[in-house]
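Protein chains in written order, with our numbering: chain A, 641 to 999; chain B, 56 to 673; chain C, 210 to 492.
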């Protein structure tokens with residue numbers, strides 16, 4: 641490691657930095673990045689192996705949809721062989737894995753087995769924007785507003801807090817699909833305030849126009865609401881607890897006793913309280929990718945969820961792998977983005993202290 | 056305090072979220088680039104007059120919305136693929152046309168591309184309609200027909216199997232195609248089926264496609280898998296009244312061809328809807344909801360409790376029970392290679408333990424007319440072959456007491472808790488009723504079956520499996536009992552084909568090898584003889600006698616247990632935006648969803664509901 | 210733990226606990242007191258989709274089965290799956306979390322990576338993949354699947370707690386005395402984190418019920434002839450088109466039960482958090 645004798649470093653970072661002088665923050669990011677890459681590879685391997693556990697392959701699905709009436713057993717076998725060869729399913733599993741890895745690294749996600757000749761990337765890229773549209777703005781907005789509400793409740797106490805807290809607790813704990821089903825029942829089936837499910841009207845062709853955007857927004861409202869309020873409630877409750885905790889700490893009491901300006905105290909209180917909430921944001925964004933699966937199905941929203949379910953039930957290996965890879969990448973990217981934010985905000989990282997969970 | 060607090064709060068929050076803003080924006084930008092959903096648009100047609108761009112909004116009064124044929128993003132419109140999308144799925148005839156279209160009500164073959172048909176010894180001759188044209192102006196010729204049928208011979212397409220029954224397809228006279236039946240296996244019925252469904256492709260287009268798009272460099276020949284990479288989605292040359300103009304993962308859009316050659320058949324009128332759009336929703340429930348809200352005009356999927364939807368102006372072929380015209384008979388396949396299903400007495404006992412009324416109510420919303428024993432529909436075009444007298448003498452019905460009598464008389468006994476015992480006194484094991492997962496009507500039927508069998512001491516349970524597993528297990532004979540509809544349509548060959556598909560042992564293979572008919576491996580020489588002889592009978596009264604005999608054999612032997620009468624298509628429509636649909640009181644076309652077989656003619660009978668007409672439930 | 214017992218439990222905790230126990234009690238014992246036996250409930254003897262009446266207080270479903278009877282049986286199954294899954298997840302998570310937090314170093318990093326893996330791939334996706342491959346899914350098998358895929362957060366929380374405790378004096382003493390890792394964990398760390406373990410279990414219970422319902426709603430959950438869970442009730446309701454026709458009694462009861470149960474568990478957890486951490490209490 642050389643002859644430098646700088647300040648004590650984090651052991652893991654020391655091994656990775658290999659003699660380079662890295663700031664605390666850089667070390668932190670490098671370590672996180674390397675573990676994320678590891679998690680990515682593990683996730684990719686898991687979603688490669690799991691579908692192959694079952695006894696059917698995508699060729700079975702293709703043959704099932706083929707009307708084999710009149711074909712002799714030999715002819716059916718020949719068709720089966722053709723498809724099996726085309727998807728390398730006759731090779732040993734480890735070779736399939738290597739082929740898959742090799743292709744993926746060059747950016748080729750291959751053909752879908754059941755929807756041949758559609759390419760996996762084409763199919764996925766059509767759905768991806770809708771999934772992201774459903775998840776990102778909803779959760780980020782709910783996170784921001786929820787934290788604001790939580791802190792207001794922590795400070796204001798009184799009637800506001802007594803009303804908000806139980807309500808937020810209740811709304812924040814409703815399972816996503818229950819809420820979605822209820823919304824569909826009330827606003828779509830019964831009251832008919834919402835006329836059509838899906839991403840946009842079947843009567844409209846997509847275009848870069850205001851009218852199309854308005855159409856999308858109208859269809860967006862219910863699915864948005866089914867996620868927004870729950871996350872809002874959860875965040876409000878969490879932030880409220882954190883703020884109450886922080887307000888009661890010694891350093892705040894001491895600062896108040898010293899007569900430090902309110903603004904400065906509040907600033908530090910929130911800077912400390914927001915950190916676990918940011919970690920929480922990463923966790924929510926990660927779990928929501930799975931949570932929206934059912935939301936998309938309930939609202940007929942054309943996202944990755946429906947496609948994933950169909951891919952899994954038809955054993956479409958290449959498509960399952962493509963979607964899982966994409967989802968893992970998104971979750972990791974979002975986690976990394978949150979880590980960026982934490983890294984910038986948390987002074988302990990700057991100082992290069994051992995990293996533990998903050999709470 | 057509040058003022059400073061909110062300021063401070065917003066300060067911190069802004070700072071922290073601005074750190075998030077960069078990566079989030081990056082992601083949103085990324086999705087903006089993949090952004091607008093991919094819509095595949097066909098370039099305009101060859102003639103300048105046909106120059107029209109795909110509109111931003113489809114006028115409601117000119118668009119017919121249909122649903123229930125596809126659920127996933129479109130894959131291919133290549134008719135040679137295993138599972139092409141609507142409208143190239145093998146039964147719909149509004150884009151490509153077949154030689155004929157079958158009319159389920161009358162039992163006749165309505166000429167589409169053909170003009171007439173003639174049965175000759177060992178062959179079938181078809182006269183082509185000289186007026187038929189492709190959308191690029193070229194005439195539809197006998198070469199096109201011959202080429203299309205030969206395509207299915209050369210490649211393992213879904214219609215490849217028809218060459219078991221065909222010797223040759225050729226032409227001796229101009230405008231006439233002769234289908235020569237297979238010498239050792241002359242079966243005109245199967246061939247007629249194919250004539251009524253096999254859509255014809257243009258040779259001058261597809262021979263090019265075969266050469267260029269299907270060419271496999273490595274193998275130095277055109278092969279199937281490479282040919283499948285051609286999706287046929289850019290302005291395909293068609294002969295039918297509609298052509299594909301655009302599609303996306305949300306919908307498939309067809310536009311009317313004003314120069315369709317067949318308009319002459321309707322007094323030079325055009326089909327009523329200018330656009331036919333099939334939105335792609337992910338579940339059947341979504342289609343039902345869309346229909347109830349007036350966003351769907353025609354639906355081909357199973358809508359339960361259609362009478363409940365009357366207030367939304369949604370109805371089926373008829374406004375009184377059973378609402379639909381039935382045409383197929385889902386049945387319980389029994390594996391004759393697995394004892395005790397090889398015992399005819401047990402099979403008869405099982406047939407008496409099926410609560411048909413309950414299955415009808417729970418699985419099919421009571422759309423099935425009253426079940427009669429046997430495998431011939433007691434109504435419609437088959438009614439003439441059905442004999443009520445035979446049914447009474449040889450038939451069966453839901454009667455638990457009778458079922459137990461049959462079992463006792465055959466030497467079975469009942470053990471403790473009423474469990475059925477084998478003739479040698481051993482307890483009978485538990486059986487599985489296999490059924491594809493997600494088909495709620497069949498799942499419910501399986502439940503009723505299991506409950507009924509429990510009453511005669513047969514221990515059974517539903518086994519819900521993946522669709523592909525179910526299909527595979529049926530064909531290799533890996534099941535105790537399984538629900539299936541071997542003959543899902545009405546064809547020129549029904550009811551014979553329905554019998555053949557469950558009783559013919561001509562292509563019988565042992566359990567473990569794939570077969571495409573008679574999954575239960577039923578085998579009886581007398582039945583075999585009857586089945587082989589029937590397709591050759593031309594005399595009507597002889598035919599009636601032959602069918603009666605075959606049906607009696609069926610009722611006595613029970614190779615499979617019929618469960619319900621099911622419609623071949625669910626002909627359901629909404630009268631919110633269009634009127635004049637084919638219906639019981641307006642039979643301008645058979646209940647074939649305006650697009651299948653002879654149902655296509657219904658498209659000329661529709662009229663849009665004028666805007667502003669008050670919506671009423673009639 | 211001692212703190213909890215010495216202080217008075219806040220009223221919210223008592224209410225939540227009482228309501229929860231009542232719910233579980235009804236679910237567990239209800240079917241015994243219900244006039245219809247289990248076989249009778251599954252029998253499809255009544256007319257389908259009849260609205261609530263004196264004979265069937267919650268009406269009948271698509272198959273003509275009594276909804277209230279199904280609800281009782283379904284709640285029992287769902288709770289059983291939740292409890293079993295919760296136990297499995299808690300045990301695994303506590304073990305992994307404590308070992309990772311205590312040992313630190315490479316073992317900690319490896320276990321954290323394993324935990325991260327479960328966070329990166331959405332639990333529901335893994336569950337769907339597994340359940341699709343398994344033909345017959347009994348309630349025990351489902352509980353096992355759910356339990357073994359949802360321990361990640363428990364592990365994380367326990368790891369953090371253990372890590373913060375690990376430098377205490379009595380642990381250094383124990384180490385000097387030559388106690389094995391597991392003995393130290395058991396005797397010197399577990400008592401301090403017991404409150405977190407309990408809270409984790411409560412959370413996992415809710416998560417287990419949620420995961421089972423979600424899976425069953427997709428049609429990949431509980432399978433079998435005479436078995437029912439709250440999720441499969443919802444699945445049947447959706448499949449039979451009850452929403453379109455406004456037949457609320459078919460799907461509203463299971464939805465309400467799931468929501469109320471998860472809410473009560475959540476309430477219990479937050480009030481326990483207040484009980485264990487006096488700073489969070491409001492006076």
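Heads up, the beta-carbon is just placed ideally off N, CA and C, and yes, glycines get one too.
Here's the rule: buried if 16 or more other CB atoms are within 10 angstroms of the residue's CB, otherwise exposed. What is residue 361 of chain B?
buried
Tell me, please, whether the CB atom of residue 719 of chain A is closer than 8 Å to any CB atom in chain B?
yes
Kindly list, in the order they appear in chain A, the residues whose Cβ is closer than 8 Å to that of residue 322 of chain C.
675, 678, 679 and 682
Note down, in chain order, every chain B residue with its Cβ under 8 Å from the Cβ of residue 252 of chain C.
506
Say whether chain A places a C-beta atom closer than 8 Å to the C-beta of residue 290 of chain C.
no
For residue 539 of chain B and residue 386 of chain B, which I take to be in contact (beta-carbon distance under 8 Å), what is that distance rounded to the nearest angstrom?
7 Å
Three-way DSSP call (helix, strand, coil) for residue 801 of chain A in this model
helix
Against residue 930 of chain A, what residues of chain C qualify as contacts under a CB-to-CB distance less than 8 Å, listed in chain order?
331, 332, 333 and 334
Would you list the residues sitting across from residue 388 of chain B in a DSSP beta bridge?
B/537 and B/615
CA-CA distance, residue 168 of chain B and residue 188 of chain B?
9 Å
Along the chain, where does the beta strand (DSSP E) containing residue 156 of chain B start, and where does it finish?
155 to 157
Just to confirm the assignment, what range does the alpha helix (DSSP H) spanning residue 318 of chain C have?
314 to 329
Neighbouring residues, chain B, relative to residue 272 of chain C (Cβ below 7 Å)
417, 499 and 502
Uninterrupted alpha helix (DSSP H) stretches inside the segment 235 to 300 of chain C (no shorter than 4 residues)
247 to 251
Output yes if chain B places a C-beta closer than 8 Å to the C-beta of residue 448 of chain C; else output no.
yes
Taking only beta-carbon positions, decide if residue 809 of chain A is within less than 8 Å of chain C.
yes
Could you tell me how far apart the beta carbons of residue 824 of chain A and residue 938 of chain A are, in whole angstroms, since I believe they sit closer than 8 Å?
6 Å
Segment limits, alpha helix (DSSP H) that includes residue 580 of chain B
580 to 588
Sorted by chain position, which residues of the same chain lie with C-beta nearer than 6 Å to residue 329 of chain B's C-beta, five sequence neighbours on each side aside?
117 and 311
With a threshold of 8 Å between beta carbons, is residue 344 of chain C in contact with chain B?
yes
Where do the ends of the alpha helix (DSSP H) carrying residue 496 of chain C lie?
The structure shown does not extend to residue 496 of chain C, since chain C spans only 210 to 492, so no value can be given for it.
At a CB distance below 8 Å, what residues from the segment 860 to 883 of chain A approach chain C? Give them in sequence order.
877 and 881
Through-space distance from residue 233 of chain B to residue 180 of chain B, alpha-carbon basis:
4 Å
Secondary structure at residue 682 of chain B, three-state DSSP: helix, strand or coil?
What is shown of chain B runs 56 to 673, which leaves residue 682 of chain B out entirely.
Under 7 Å from the C-beta of residue 454 of chain C: neighbouring residues of chain B
360 and 363
In the structure shown, what three-state DSSP assignment does residue 727 of chain A receive?
coil
If we count the other Cβ atoms within 10 Å of its Cβ and call it buried at 16 or more, is residue 451 of chain B buried or exposed?
buried
Run of the beta strand (DSSP E) containing residue 180 of chain B, from where it starts to where it stops
178 to 183
In this structure, what does DSSP give as the bridge partners for residue 141 of chain B?
Residue 141 of chain B is not bridged to any residue.
Looking only at C-alpha atoms, which of B/667, B/634, B/430 and B/591 sits nearest to residue 615 of chain B?
B/430
Taking buried to mean at least 16 other C-beta atoms within 10 Å of its own C-beta, is residue 590 of chain B buried or exposed?
buried
Residue of A/734, A/673 and A/719 minimising C-alpha distance to residue 692 of chain A
A/734
Under the three-state DSSP convention, the category residue 595 of chain B falls into:
helix
So what does residue 651 of chain B bridge to, in DSSP terms?
B/147
DSSP on residue 435 of chain C, reduced to helix/strand/coil?
coil
Neighbour list for residue 691 of chain A in chain B, Cβ cutoff strictly below 9 Å
Near residue 691 of chain A there are no residues of chain B at all, since even the closest Cβ is about 12 Å away, more than 9 Å.
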